[in-house]
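A.B. asks: Chains A and B are the protein sequences, given in the same order. The first sequence begins at 34 in the working numbering and counts up by one. The second sequence begins at 40 in the working numbering and counts up by one. Positions of the beta carbon are idealized from the N, C-alpha and C atoms, including for glycine. Before anything else, here's the structure in question.
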Amino acid sequence: MYWILERKDKFYKIAWSYVYNHEDIEDILQNTMIKAYEKVNTLKNIRFFETWFISILINECRQILRNREKELLQKDIEIYDYHIDEYNFFQEIYSIDEIFREAVVLKYIVGYSQEEISKILDIPIGTVKSRIYRGLKELRILLEEVQT
Amino acid sequence: MNCNWIKEKLLDYIDGILNEDEEILVKEHLGQCEECNREYKELKSTIDYVLNNTNRIDTTREINLNHNKTKVKKIRRFTRTGLIAIVLSLFLVVTSYGTEIFDFMKFWKKSSEITETAWEKLIESGVGDRLDVSVINNDVKVTAEGIIADELNTVILLRIEDLKGNIRYTPFYGSGEDEINPITIDGDIGIHPIFKEHIANSIRLYTEEENTLRLMLVAEPMTKDNGNIKISITRLIDMLNKDKEARVIKEGNWDIEISARKIKSKQFIIDEVIDLEGNELRIKKITLAPTETNVEYEFETYNSEKKYFLNLVSFVIEYEGKTYRMSTIGIPYNSYHNGYGTAKGSISLETLYLEDPIEIELIVEEYRYANKILTSKGDKRYNIDFNNLPQVIDYNNSQITIEDIIYYEDSVEIIIKEDDSIDRKYTETDMHITYDDGEVITSIYAANIESELRDDKGNVVDLDAILNNEKTYNYIIRKKIRINTSKEEDFYIPKEMIEKGVFYIQGQRYTEFPNKKITIKLE
Numbered sequence: 034m035y036w037i038l039e040r041k042d043k044f045y046k047i048a049w050s051y052v053y054n055h056e057d058i059e060d061i062l063q064n065t066m067i068k069a070y071e072k073v074n075t076l077k078n079i080r081f082f083e084t085w086f087i088s089i090l091i092n093e094c095r096q097i098l099r100n101r102e103k104e105l106l107q108k109d110i111e112i113y114d115y116h117i118d119e120y121n122f123f124q125e126i127y128s129i130d131e132i133f134r135e136a137v138v139l140k141y142i143v144g145y146s147q148e149e150i151s152k153i154l155d156i157p158i159g160t161v162k163s164r165i166y167r168g169l170k171e172l173r174i175l176l177e178e179v180q181t
Numbered sequence: 040m041n042c043n044w045i046k047e048k049l050l051d052y053i054d055g056i057l058n059e060d061e062e063i064l065v066k067e068h069l070g071q072c073e074e075c076n077r078e079y080k081e082l083k084s085t086i087d088y089v090l091n092n093t094n095r096i097d098t099t100r101e102i103n104l105n106h107n108k109t110k111v112k113k114i115r116r117f118t119r120t121g122l123i124a125i126v127l128s129l130f131l132v133v134t135s136y137g138t139e140i141f142d143f144m145k146f147w148k149k150s151s152e153i154t155e156t157a158w159e160k161l162i163e164s165g166v167g168d169r170l171d172v173s174v175i176n177n178d179v180k181v182t183a184e185g186i187i188a189d190e191l192n193t194v195i196l197l198r199i200e201d202l203k204g205n206i207r208y209t210p211f212y213g214s215g216e217d218e219i220n221p222i223t224i225d226g227d228i229g230i231h232p233i234f235k236e237h238i239a240n241s242i243r244l245y246t247e248e249e250n251t252l253r254l255m256l257v258a259e260p261m262t263k264d265n266g267n268i269k270i271s272i273t274r275l276i277d278m279l280n281k282d283k284e285a286r287v288i289k290e291g292n293w294d295i296e297i298s299a300r301k302i303k304s305k306q307f308i309i310d311e312v313i314d315l316e317g318n319e320l321r322i323k324k325i326t327l328a329p330t331e332t333n334v335e336y337e338f339e340t341y342n343s344e345k346k347y348f349l350n351l352v353s354f355v356i357e358y359e360g361k362t363y364r365m366s367t368i369g370i371p372y373n374s375y376h377n378g379y380g381t382a383k384g385s386i387s388l389e390t391l392y393l394e395d396p397i398e399i400e401l402i403v404e405e406y407r408y409a410n411k412i413l414t415s416k417g418d419k420r421y422n423i424d425f426n427n428l429p430q431v432i433d434y435n436n437s438q439i440t441i442e443d444i445i446y447y448e449d450s451v452e453i454i455i456k457e458d459d460s461i462d463r464k465y466t467e468t469d470m471h472i473t474y475d476d477g478e479v480i481t482s483i484y485a486a487n488i489e490s491e492l493r494d495d496k497g498n499v500v501d502l503d504a505i506l507n508n509e510k511t512y513n514y515i516i517r518k519k520i521r522i523n524t525s526k527e528e529d530f531y532i533p534k535e536m537i538e539k540g541v542f543y544i545q546g547q548r549y550t551e552f553p554n555k556k557i558t559i560k561l562e
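As structure tokens, then:
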């Protein structure tokens, strides 16, 4: 538990980039924790616990998004005045294609290295790089559109 | 120096993780190459933007984690289908106003005539094929009269004749255990993207002959440019018998096989924006096909100025003085959105295939929004004393009345009246009652039972207003929540639990008529 709370900010930001609203993030963290407890004996090298935990977390996020699509019932978000900035930022980030967005979020919002991202997403480092690059490009285009 | 090599290194350069030699090479190149330098600056500023905004994410909110909690409560929702997609099918409109048969006939004749005229015009111009393939079984003759297949729809016109009597027969689905799919389509036809099977929607068209009904079948596009289609009907019912008990049901096998060709459409990528009081409607693509004019669009659902969520945008096309409204061949479809982020949708309008325009005008006639996303989270909770009705509750400056609770043998109905003040702005309140037995959360949503069509001055108008394409608001007057209490139903709430239900209001819906216009070039 302590281990999770220590890294709560990181995990929160990852889940935020997928689902935005607090209640879903809470559900995702809860479910990730349960699954991690259940599956911890399948983990071969404890050194990779964090990247392994995050790959479960990301799967949970994707699951929630898929359910949303299925039900066409997106979870509610209450937006108060002081949250508008946060919501706008979410929309900007969320406008990036999912596979590129993941890489950008892990790199710049959460602060993982390219090697760590390569482990989390289970893709080669070259792909990590090109995804970050493409993601930033997409965001750039959007920001330009917004400014003009 | 190779610019591609530099671009590959830019991310690492910004991170400061290149080795010394590489770093010098990149730095030198950026001093000389304008293009790479611009690329670098753009990347750097985008990264800075992300890094500077990361602190906007509020991670300080408390998270309750409990590692002993391994079981999540199951959630059941009994949602009205209307929430999922608004298919403005003629029959949905008619039943929702509960009109008398006379009004219905008038409405039906007029809309059928519009559809048949549009169909004939296409067939006479050589778009699509006239057919005459028929089958007789159990004294009913089914004829395929024509087909128009394009890249958006496959539409087949059928004629169903009662050879011995004077009945207008239509395919009969039935309900409950008796429910079947009475009309199936097969062959070189695409699979429905959601249902993952062949789906044949049908629209009933009026004919003067009392023993005949025309049926327009609408299916997915064909999978080949030339192919075969099989249609099979297995059960029919007389559609206009007012007495439900006395309706005649016919079973049989009406199988028809036809060949068809797929007609190419014209597609135009568009980049036009219309401002809707803070929401930008972006027109992305227009497809001119024989069966419909399809317009793809996008908008951000949240309006940060006015703090509401846009659900639905309806527009029409004007060309050479004529207005092209919701599609008449096929299913008139428009996407409904309930969520945040970017809504990507499309609308099916009347065909402009024969007109082949190079410039059209697009007019946003109507949009609908809700004060919040209409899902269960964040709903406002009310405790109702069911032994002391009526009870008035306040929501968003409106008074909503829980009027009555009626106990039937196998169900309970709760009647709710919407705000009845004359200057009420919203059109409908979404509400539900929820039961939590510790393991399962069951929500039952209210359905509309009484509504009123009003014009923009608040006067009550009749169905003619829709036929004349006037601006009408559909104000909901009363709603009903019906709860099964019989153990024989799949989902039921025991009678003694009924009063333990918690009443929730999800939000309210609004309609606006902006009348915004833009010109779009198709080239």
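Between Lys85/B and chain A, is there a C-beta pair that is closer than 8 Å?
C.D. replies: The question names Lys, yet the displayed sequence has Thr at residue 85/B. True, the Cβ-Cβ gap to chain A drops below 8 Å.
A.B. asks: Using the rule of at least 16 other Cβ atoms within 10 Å of the residue's Cβ for burial, across every protein chain shown, is Pro232/B buried or exposed?
C.D. replies: Exposed: under 16 other Cβ atoms inside 10 Å.
A.B. asks: Using only CA atoms, which one of Ser460/B, Ile444/B and Glu247/B lies nearest to Phe425/B?
C.D. replies: The option with the nearest alpha carbon to Phe425/B is Ile444/B.
A.B. asks: At 4 residues or longer, what runs of the alpha helix (DSSP H) sit wholly inside the stretch 63-104 of chain A?
C.D. replies: Within the stretch 63-104 of chain A, the complete alpha helix (DSSP H) runs of at least 4 residues are 82-104.
A.B. asks: By a C-beta neighbour count over all protein chains shown, 10 Å radius and 16 as the cutoff for buried, is Val431/B buried or exposed?
C.D. replies: Result: exposed.
A.B. asks: Cβ atoms of Ile186/B and Asp168/B: under 8 Å apart, would you say?
C.D. replies: For Asp168/B and Ile186/B, yes; Cβs fall inside 8 Å.
A.B. asks: List, from N- to C-terminal side, the beta strand (DSSP E) runs of 3 residues or more that fit wholly inside the stretch 428-504 of chain B.
C.D. replies: DSSP runs (the beta strand (DSSP E)) wholly in the stretch 428-504 of chain B: 430-434, 437-446, 450-456, 467-475, 479-484 and 486-493.
A.B. asks: In chain A, which residues lie with their C-beta within 7 Å of the C-beta of Asp97/B?
C.D. replies: Result: Glu119.
A.B. asks: Which value, in whole angstroms, describes the spacing of the CA atoms of Glu218/B and Leu401/B?
C.D. replies: For Glu218/B and Leu401/B, the distance between alpha carbons rounds to 42 Å.
A.B. asks: Going by DSSP in three states, Lys324/B sits in which element: helix, strand or coil?
C.D. replies: Reduced to three states, the DSSP call for Lys324/B is strand.
A.B. asks: Does the Cβ of Ser164/B have 16 or more other Cβ atoms within 10 Å, making it buried, or fewer, making it exposed?
C.D. replies: So Ser164/B counts as exposed.
A.B. asks: Just to confirm the assignment, what range does the beta strand (DSSP E) spanning Arg243/B have?
C.D. replies: Asn240 to Leu244 is the span of the beta strand (DSSP E), which, as asked, contains Arg243/B.
A.B. asks: Touch check for the stretch 519-527 of chain B and the stretch 383-390 of chain B: three-plus C-beta pairs under 8 Å?
C.D. replies: Segments in contact, no.
A.B. asks: With a CB to CB cut of under 7 Å and the five nearest residues on each side skipped, what residues in its chain are close to Ile313/B?
C.D. replies: The answer, listed in chain order, is Leu320, Val403, Lys555 and Ile557.
A.B. asks: In chain B, what lies closer than 8 Å to Lys46/A by C-beta?
C.D. replies: Here the neighbours are Thr93, Ile96 and Thr98.
A.B. asks: Thinking C-alpha only, which one of Leu256/B, Asp503/B and Ala486/B is nearest Asp494/B?
C.D. replies: Selected option, being the one with the closest Cα: Asp503/B.
A.B. asks: So is Thr154/B buried or exposed if we call it buried at 16+ other beta carbons inside 10 Å?
C.D. replies: Burial call: buried.
A.B. asks: Please report whether the beta-carbon of Ile110/A lies at a distance below 8 Å from any beta-carbon of chain B.
C.D. replies: At Ile110/A, the pLDDT of 38 sits below 50, so the modelled position is not reliable; the number obtained from the coordinates is stated separately. Yes, its Cβ sits closer than 8 Å to a Cβ of chain B.
A.B. asks: Three-state secondary structure (DSSP) at Thr262/B?
C.D. replies: Here Thr262/B sits in coil by DSSP.
A.B. asks: Can you tell me whether Phe348/B is helix, strand or coil according to DSSP?
C.D. replies: The answer is strand: DSSP assigns Phe348/B an E or B state.
A.B. asks: Which residues does DSSP list as the beta-bridge partners of Met365/B?
C.D. replies: Leu388/B, per the DSSP bridge assignment.
A.B. asks: Just mark Asn318/B as buried or exposed, buried being the case when its beta carbon has 16 or more other beta carbons within 10 Å.
C.D. replies: Burial call: buried.
A.B. asks: With a threshold of 8 Å, are at least 3 pairs of Cβ atoms found where one atom belongs to the stretch 197-215 of chain B and the other to the stretch 173-185 of chain B?
C.D. replies: Taking 8 Å as the limit for Cβ pairs, the verdict is that the stretch 173-185 of chain B does touch the stretch 197-215 of chain B.
A.B. asks: Would you say Tyr166/A reaches chain B, if we count a Cβ-Cβ gap shorter than 8 Å as a contact?
C.D. replies: By this cut-off, Tyr166/A is an interface position.
A.B. asks: What's the call for Leu49/B, buried or exposed, on a 16-neighbour Cβ count within 10 Å?
C.D. replies: Its Cβ being crowded by 16 or more others within 10 Å, Leu49/B is buried.
A.B. asks: Tell whether a beta-carbon distance below 8 Å holds between Ile399/B and Ile559/B.
C.D. replies: Taking 8 Å as the Cβ cut-off, Ile399/B and Ile559/B qualify as a contacting pair.
A.B. asks: Candidates Ser241/B, Trp293/B and Asp310/B: which alpha carbon is nearest Leu254/B's?
C.D. replies: The candidate whose alpha carbon is nearest that of Leu254/B is Ser241/B.
A.B. asks: At a cut of 8 Å, does the stretch 48-61 of chain A reach the stretch 81-98 of chain A through at least three beta carbon pairs?
C.D. replies: Contact holds: three or more Cβ-Cβ distances are below 8 Å.
A.B. asks: In three-state terms, what does DSSP make of Thr332/B?
C.D. replies: Strand at Thr332/B.
A.B. asks: Phe552/B by DSSP, collapsed to three states: which one?
C.D. replies: Three-state DSSP puts Phe552/B in coil, outside helix and strand.
A.B. asks: Report yes or no: do three or more beta-carbon pairs, one from the stretch 136-152 of chain A and one from the stretch 88-98 of chain B, lie closer than 8 Å?
C.D. replies: Output reads yes: the stretch 88-98 of chain B touches the stretch 136-152 of chain A.
A.B. asks: Is the Cβ of Ile158/A closer than 8 Å to any Cβ of chain B?
C.D. replies: So no, Ile158/A is outside the interface.
A.B. asks: Identify the residues that DSSP records as bridge partners of Leu196/B: which are they?
C.D. replies: Beta-bridge pairing links Leu196/B to Gly185/B and Met255/B.
A.B. asks: Going along the chain, which residues of the stretch 129-140 of chain A sit with their C-beta nearer than 8 Å to a C-beta in chain B?
C.D. replies: For the stretch 129-140 of chain A, which is checked against every Cβ of chain B, the residues closer than 8 Å are Val137.
A.B. asks: Can the beta-carbon of Asp458/B be found less than 8 Å from the beta-carbon of Ser490/B?
C.D. replies: Contact flag unset, no.
A.B. asks: Does Glu81/B come within less than 8 Å of chain A when only Cβ atoms are used?
C.D. replies: Yes, because at least one Cβ of chain A sits closer than 8 Å to the Cβ of Glu81/B.
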